[in-house]
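Colleague: Numbering (our numbering), first residue to last: 45 to 427.
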Ligand SMILES: NC(=O)c1ccc[n+]([C@@H]2O[C@H](COP(=O)([O-])OP(=O)(O)OC[C@H]3O[C@@H](n4cnc5c(N)ncnc54)[C@H](O)[C@@H]3O)[C@@H](O)[C@H]2O)c1
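If you want it as structure tokens, here you go:
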């Protein structure tokens, strides 16, 4: 069993990961400065359900029979705070979720771009040095994004590409061409980690994750333990947004032609992937890159699935095409590989009508909390 420190443990994925690993017998600590809550307030949004703070959730987890989860509150972009977390907890593995995670936020204005760049890279750099100084054996598990690759007109490999040039061959990081400043910080993270893997001999797993959906991460309906679930334009991921839009009775917001295709996964599978990676670390001096998604779907296909699930429970869900505020291809080739996590043992939960109906019922239960004005604010990539 490992001692796992979760950076960004208050987040949509962080808290469920903490409960999941704790429930499987790992010793877990979480660190967060509630930056996400602060930014959500700043853009005038709120989650579908309010999540208690980390101390409250950790004590609720204990009350229902879970083990102790240590809580550190502070800014991980500050060296002293992260160093104190490491000295107090001495992790075997660190799950690094602690970044500003929104593409639209990063494109809002100069100040938002600066916050995103400095925060995301600052936390990653501190992590590298904390591992080197206080936990040199530890395994870094970094959340990257499939968005690092962009949408190239060739198959997307798992992290690396073998190139033949003038009769010679070499392996390189697969070319990255991100579509927002947020995604670009993830590209920089990967570069930074690859540099320090080569230089310090770190052991790192970089997970290229697709957009996550779902609210039920572990088997509990305890409202104090559910993850924050965002549906606003800035912090909601597309399928979670469509579900809330359908529950509120507003048309689904398809951008442009709707052919934008990505790899999606259920939050249950995020937890499974993290657990598999924690329990199967790579050797020192390796940057292991795994593509973390289950279903490949276009935005139009997602919308059609939500319409069909709505019909099943008597909702008349409409779909509307909005002018695309982003700069992205609306129809394109997309063929990413994802065999690595299956080889580690991932048993995927593909998207099904049952899951969509369950999410629709959850959103409908909290329908009164839905603020329609937060759904579409039209943050333009062009500024
Ligand atoms: N949710 C998705 O669909 C998805 C998809 C691909 C990648 N990711 C990546 O996975 C990670 C987790 O995603 P999420 O949806 O849980 O995001 P989230 O914003 O809900 O969680 C991140 C947490 O990190 C914290 N944080 C950020 N900067 C911090 C700092 N300087 N000090 C302390 N805490 C800090 C935030 O307060 C937040 O609680 C992010 O890095 C995100 O980019 C998420």
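Where is the CB? At the ideal position from N, CA and C, for every residue including glycine.
Helix, strand or coil, according to DSSP, for residue 108 in the structure here?
Modeller: Residue 108 falls in the coil class under three-state DSSP.
Colleague: Check whether the Cβ of residue 36 sits closer than 7 angstroms to any heavy atom of ligand 1, and report yes or no.
Modeller: The structure shown has nothing for residue 36, since the chain only spans 45 to 427.
Colleague: What does residue 335 pair with, by DSSP beta-bridge criteria?
Modeller: Answer is 252.
Colleague: Going by the CB atoms, is the gap between residue 337 and residue 254 shorter than 8 angstroms?
Modeller: It is a contact, given that the beta carbons lie within the stated cut-off.
Colleague: Does the Cβ of residue 157 lie closer than 7 angstroms to at least one heavy atom of ligand 1?
Modeller: No, the beta carbon of residue 157 sits no closer than 7 angstroms to any heavy atom of ligand 1.
Colleague: Using CA atoms only, rank isn't needed, just tell me which of 123, 245 and 59 is closest to residue 326.
Modeller: That would be 245, whose Cα lies nearest to the Cα of residue 326.
Colleague: Would you say the beta carbon of residue 143 comes nearer than 7 angstroms to a heavy atom of ligand 1?
Modeller: Yes; taking the cut-off as 7 angstroms, the Cβ of residue 143 has a heavy atom of ligand 1 nearer than that.
Colleague: Please find out if some non-hydrogen atom of ligand 1 comes closer than 7 angstroms to the beta-carbon of residue 259.
Modeller: No, the Cβ of residue 259 stays beyond 7 angstroms of every heavy atom of ligand 1.
Colleague: Given 7 angstroms as the limit, tell me if residue 77 has its C-beta closer than that to any heavy atom belonging to ligand 1.
Modeller: Result yes, Cβ under 7 angstroms from ligand 1.
Colleague: Quick check on the DSSP output: the beta strand (DSSP E) that includes residue 208 runs from which residue to which?
Modeller: Looking at the DSSP string, the run of the beta strand (DSSP E) that includes residue 208 is 204-209.
Colleague: Assign residue 108 to one of two classes, buried (16 or more other C-beta atoms within 10 Å of its C-beta) or exposed (fewer than that).
Modeller: The residue in question, residue 108, is exposed, as its Cβ has fewer than 16 Cβ neighbours within 10 Å.
Colleague: What is the rounded straight-line gap between the Cα of residue 300 and the Cα of residue 374?
Modeller: Going from the Cα of residue 300 to the Cα of residue 374 covers about 7 angstroms.
Colleague: Ignoring anything shorter than 3 residues or poking outside the segment 89-163, list the beta strand (DSSP E) runs there in chain order.
Modeller: If we require 3 residues or more, the beta strand (DSSP E) runs fully inside the segment 89-163 come out as 113-117 and 137-140.
Colleague: Using a Cβ-based criterion (distance less than 7 angstroms to any ligand heavy atom), does residue 54 qualify as near ligand 1?
Modeller: Within the cutoff, so yes.
Colleague: Determine the closest residue to residue 329 out of 241, 162 and 60, with distance taken between C-alpha atoms.
Modeller: For the residues 241, 162 and 60, the minimum Cα distance to residue 329 belongs to 241.
Colleague: Would you identify the three-state DSSP class for residue 316, choosing helix, strand or coil?
Modeller: Three-state result, residue 316: helix.
Colleague: Return helix, strand or coil for residue 217, following the three-state DSSP convention.
Modeller: DSSP places residue 217 in strand when its eight states are reduced to three.
Colleague: Closest to residue 55 by C-alpha separation, out of 206, 261, 213 and 423, would be which residue?
Modeller: Residue 261 is the option with its Cα nearest to residue 55.
Colleague: With a threshold of 7 angstroms on Cβ separation, who are the neighbours of residue 424 within its own chain once the five nearest residues in sequence on each side are excluded?
Modeller: Around residue 424: 369.
Colleague: Would you kindly work out how many angstroms separate the C-alpha atoms of residue 82 and residue 138, rounded to a whole number?
Modeller: For residue 82 and residue 138, the distance between alpha carbons rounds to 24 angstroms.
Colleague: Unbroken beta strand (DSSP E) runs of length 3 or more, entirely within the segment 233-284: which are they?
Modeller: 247-253, all fully within the segment 233-284.
Colleague: Is the beta carbon of residue 72 sitting closer than 8 angstroms to the one on residue 65?
Modeller: Yes. Within cutoff.
Colleague: Let me know the secondary structure DSSP gives residue 418 once reduced to three states.
Modeller: In this structure, residue 418 counts as helix in the three-state DSSP scheme.
Colleague: Between residue 105 and residue 258, what straight-line distance do the alpha-carbon atoms span, to the nearest angstrom?
Modeller: Straight-line Cα distance between these residues: approximately 20 angstroms.
Colleague: In terms of residues, what are the limits of the alpha helix (DSSP H) holding residue 224?
Modeller: First-last for residue 224: undefined, no H or E at that position.
Colleague: Look up residue 183 in the DSSP assignment and give the residues it is bridged to.
Modeller: Answer by DSSP bridge pairing, in chain order: 137 and 247.
Colleague: Output the distance between the C-alpha atoms of residue 166 and residue 61, rounded to the nearest integer angstrom.
Modeller: Rounded to whole angstroms, residue 166 to residue 61 spans 23 angstroms at the Cα level.
Colleague: Name the DSSP bridge partner or partners of residue 330?
Modeller: Paired residue(s): 247.
Colleague: CA-CA distance, residue 392 and residue 186?
Modeller: The straight-line gap from Cα to Cα measures roughly 21 angstroms.
Colleague: Among residues of its own chain, excluding the 5 on either side of residue 376, which ones have a beta-carbon nearer than 8 angstroms to its beta-carbon?
Modeller: Closer than 8 angstroms at Cβ, skipping near neighbours: 195, 197, 303, 304 and 305.
Colleague: Cβ of residue 233 within 8 angstroms of Cβ of residue 335?
Modeller: No; because the gap between Cβ atoms is not below 8 angstroms, this pair is not in contact.
Colleague: Got a sec? Which residues, its chain only, sit under 6 angstroms from residue 420 by beta carbon, not counting five neighbours each side?
Modeller: Cβ neighbours of residue 420 beyond the five flanking positions: 277 and 297.
Colleague: Kindly examine ligand 1 and report whether one of its heavy atoms sits closer than 7 angstroms to the Cβ of residue 340.
Modeller: No, Cβ of residue 340 sits at least 7 angstroms from all heavy atoms of ligand 1.
Colleague: For the 8 angstroms Cβ check, are there 3 or more pairs between the segment 89-101 and the segment 145-162?
Modeller: The segment 89-101 is not in contact with the segment 145-162.
Colleague: Between the alpha carbons of residue 379 and residue 124, how many angstroms are there, rounded?
Modeller: Roughly 43 angstroms between the two C-alpha positions.
Colleague: Could you tell me how far apart the beta carbons of residue 33 and residue 160 are, in whole angstroms, since I believe they sit closer than 8 angstroms?
Modeller: Shown here, the chain extends from 45 to 427; a query on residue 33 therefore has no answer.
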